[in-house]
Amino acid sequence: MRYTALCEALPMNYLVVKWIHLVSVMIFASGMLVTPWLVNGVCRQPRDENQQKFLVSLRSYHRLITSTGLTLAWVLGWMMANSAQWWGHPWFRVKLLFATLLSAQHGAVSGRLRKLCGDPQCTYKPLRFPWFFLGLVLIAGLVVLKPSI
Ligand code: HEM
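Read in order, the letters of the sequence shown are residues 2 to 150 in our numbering.
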């Protein structure tokens with residue numbers, strides 16, 4: 002079935018779900034692009050009280066906003082995949098792989114923030130996540146172009 006015909010055949014709420022999926026992805030991605038950068042600024046040496054407060058506030062944002070964006074992206078993406086039966090499409094399988102990798106990076110940031118907040122003496126090498134940006138670029142290409150691979 003052609004893509005436009007598919008859109009016509011599916012109930013309107015597919016597009017509403019896609020809209021909210023996209024907004025969730027934007028919230029998740031913006032948090033994940035900025036948070037490691039901010040953590041890098043304070044994670045190399047033991048921290049004073051103000052720096053710890055900053056990290057705690059950053060962690061709250063990560064847990065409340067960025068994690069909610071990720072959860073919604075998964076739930077709504079799953080609903081769309083079920084509704085349109087995208088599971089067997091090669092582009093979708095590759096997209097799912099990259100979405101899983103981006104989710105794992107989110108988990109890595111959560112773990113570091115937990116440790117840094119729990120101990121002001123704990124230090125880390127800076128987080129470097131160029132792969133996150135690359136993953137986003139590839140996912141966007143896959144969902145828009147839907148290559149048959
Ligand atoms: C977490 C990283 C993710 C990113 C960056 C992402 C990105 C996107 C984008 C940009 C679109 C919009 C495409 C368009 O407007 O045509 C989209 C659509 C979609 N996403 Fe995701 N997504 C992610 C996770 C997921 C997950 C985990 C699933 C499934 C379990 C999923 C399933 C879908 C489906 C089914 C569509 C609609 C495809 C269509 O009808 O054209 N996404 N995604």
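All C-beta atoms, glycine included, are put in the ideal place defined by N, C-alpha and C.
Cβ of residue i within 8 angstroms of any heavy atom in the ligand HEM?
| i | result |
| --- | --- |
| L71 | yes |
| I66 | no |
| W137 | Residue identity differs from the one stated: residue 137 is Leu in this sequence, not Trp. Yes - the ligand HEM has a heavy atom lying nearer than 8 angstroms to the Cβ of L137. |
| V145 | yes |
| I21 | no |
Round the Cβ separation of residue i and residue j to the nearest angstrom and send it over; I've been treating them as touching at under 8 angstroms.
| i | j | result |
| --- | --- | --- |
| V40 | L114 | 7 angstroms |
| I150 | V95 | 7 angstroms |
Look up residue i in the DSSP assignment and say whether it is helix, strand or coil.
| i | result |
| --- | --- |
| L128 | coil |
| C123 | coil |
| S149 | coil |
| W88 | coil |
| P37 | helix |
| R118 | The sequence given here places Cys at residue 118; Arg does not occur at that position. DSSP places C118 in helix when its eight states are reduced to three. |
| Q106 | helix |
| Q46 | coil |
Exposed or buried, residue i, counting other C-beta atoms within 10 Å across all chains shown (16 or more means buried)?
| i | result |
| --- | --- |
| T101 | exposed |
| K116 | exposed |
| F29 | buried |
| M1 | Limits of the chain in this structure are 2 at one end and 150 at the other, which puts residue 1 out of reach. |
| C44 | buried |
| F134 | exposed |
| S25 | buried |
| V110 | buried |
| G78 | buried |
| T72 | exposed |
| L23 | exposed |
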